[in-house]
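To start, the structure under review is shown below, and the notes come after it.
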Amino acid sequence: MINRYGPFMDTNLVEPIDERNCVVHMDYYYCPKSTTKEVEEKSQKD
498 MINRYGPFMD TNLVEPIDER NCVVHMDYYY CPKSTTKEVE EKSQKD
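Position one of the sequence shown corresponds to residue 498 (this note's numbering), numbered consecutively onward.
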(Lines of atoms letter the chains of each structure in order from A; the text may use other names.)
(Lines give C-alpha, C1' and ligand atoms only; values in the text may rest on other atoms or scores of the structure.)
Protein backbone atom coordinates (compact mmCIF):
# COMPACT_ATOMS: atom_id res chain seq x y z
CA MET A 498 0.00 0.00 0.00
CA ILE A 499 1.21 3.52 -0.76
CA ASN A 500 -0.11 6.52 1.19
CA ARG A 501 0.65 10.09 0.22
CA TYR A 502 -0.27 13.17 2.23
CA GLY A 503 1.30 16.53 1.39
CA PRO A 504 5.09 16.26 1.18
CA PHE A 505 5.02 12.88 2.97
CA MET A 506 4.61 9.35 1.65
CA ASP A 507 4.70 5.95 3.30
CA THR A 508 4.64 2.41 2.02
CA ASN A 509 3.25 -0.58 3.88
CA LEU A 510 4.08 -4.11 2.78
CA VAL A 511 2.23 -6.93 4.55
CA GLU A 512 4.14 -10.20 4.45
CA PRO A 513 2.16 -13.29 5.46
CA ILE A 514 3.98 -15.67 7.80
CA ASP A 515 1.20 -18.21 8.24
CA GLU A 516 -2.61 -18.17 8.27
CA ARG A 517 -2.79 -16.15 11.51
CA ASN A 518 0.37 -14.00 11.49
CA CYS A 519 2.09 -11.45 9.31
CA VAL A 520 4.93 -8.95 9.35
CA VAL A 521 4.26 -5.36 8.29
CA HIS A 522 7.15 -3.42 6.75
CA MET A 523 6.70 0.37 6.90
CA ASP A 524 8.89 2.94 5.18
CA TYR A 525 8.47 6.71 5.41
CA TYR A 526 9.59 9.31 2.88
CA TYR A 527 9.41 13.08 2.70
CA CYS A 528 10.42 15.77 0.25
CA PRO A 529 13.19 17.81 1.94
CA LYS A 530 12.49 20.81 -0.33
CA SER A 531 8.86 20.94 0.85
CA THR A 532 9.33 20.54 4.60
CA THR A 533 10.96 22.53 7.34
CA LYS A 534 13.59 21.08 9.65
CA GLU A 535 11.12 21.29 12.55
CA VAL A 536 8.47 19.25 10.68
CA GLU A 537 11.11 16.72 9.61
CA GLU A 538 12.38 16.20 13.17
CA LYS A 539 8.86 15.93 14.63
CA SER A 540 7.79 13.37 12.02
CA GLN A 541 10.78 11.17 12.86
CA LYS A 542 9.91 11.17 16.59
CA ASP A 543 6.21 10.25 16.21
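Each residue gets a CB set at the ideal place from its N, CA and C atoms; glycine is no exception.
Remember, it's a predicted structure, so these values are computed and weren't measured experimentally.
Simplified DSSP state of GLU512, which is helix, strand or coil: strand
CB of TYR526 within 9 Å of CB of MET506, strictly: yes
Test item: CB-CB of ASN509 and ASN518 under 9 Å: no
Candidates PRO513, CYS528, PRO529 and LYS530, of which the one nearest HIS522 by Cα: PRO513
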